[in-house]
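Asker:
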């Protein structure tokens, strides 16, 4: 049972769907993911926090057979079948020049000036915050009843060349297959450490 810290804690069923029983899938049922579902994922994930609301993630949602075939050629051998069978794959990238959008994304102050002339700092911030957004994407997908299969085994330069060629300031971070996972494709959950193993309270 979940410890009730306050009145707004999610019920156990919701925590199971998001975390405790959620798994990373390796194969997918033959069931489509609609464009409306992808829009719904975005509409949830965009509400989660990023630094100065920078929202640096730039996502290509790969669905067509042609686009999937191109992505399959960019991933390591062990990921090819996972990509090929997925109804949709999110290529989660980041925009090094995200700061150009800050005048309307963070209008409270001149946040753009914080990042002008500091490409190294922008790249670090964009990578960090797009990683957060990728995690939000997975939680949003799970909240909407979908399953995820995140992957980092790919040729980033190849992915950039195929999917971000028209935006050369965008870079691939990681990819995440989305759909309805085939339970036969997962194995026993790997160990999870208890709090004391990797945590301390200072």
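Numbering (my numbering), first residue to last: 58 to 259. Backbone N, C-alpha and C fix where the C-beta goes; we use that ideal spot for every residue, glycine too.
(1) Note down the Cα distance separating residue 198 from residue 174, rounded to an integer number of angstroms.
(2) What's the call for residue 258, buried or exposed, on a 16-neighbour Cβ count within 10 Å?
(3) Between the C-alpha atoms of residue 64 and residue 71, what's the straight-line distance to the nearest angstrom?
(4) Check residue 174 in the structure and name its three-state DSSP category.
(5) Considering residue 207, what are the terminal residues of the beta strand (DSSP E) in which it resides?
(6) Between 219, 255 and 204, which lies nearest to residue 81 when the distance is taken from Cα to Cα?
(7) Looking at the structure shown, is residue 156 part of a helix, part of a strand, or coil, going by DSSP?
(8) Would you kindly work out how many angstroms separate the C-alpha atoms of residue 242 and residue 139, rounded to a whole number?
(9) Quickly, what does DSSP pair residue 131 with across the bridge? List them, please.
(10) Among all the DSSP beta bridges, which residues are the ones paired with residue 145?
(11) On the premise that residue 148 lies in contact with residue 116, defined as a C-beta separation below 8 angstroms, what is that separation, rounded to the nearest angstrom?
(12) Excluding five sequence neighbours on each side, which residues of the same chain lie with their C-beta closer than 6 angstroms to the C-beta of residue 120?
(13) What are the residues that DSSP puts in a beta bridge with residue 229?
Answerer: If we stick to the structure as given:
(1) 36 angstroms
(2) exposed
(3) 15 angstroms
(4) coil
(5) 204-208
(6) 204
(7) helix
(8) 10 angstroms
(9) For residue 131, which the question treats as bridged, DSSP gives no partner whatsoever.
(10) 235
(11) 7 angstroms
(12) 145
(13) 150
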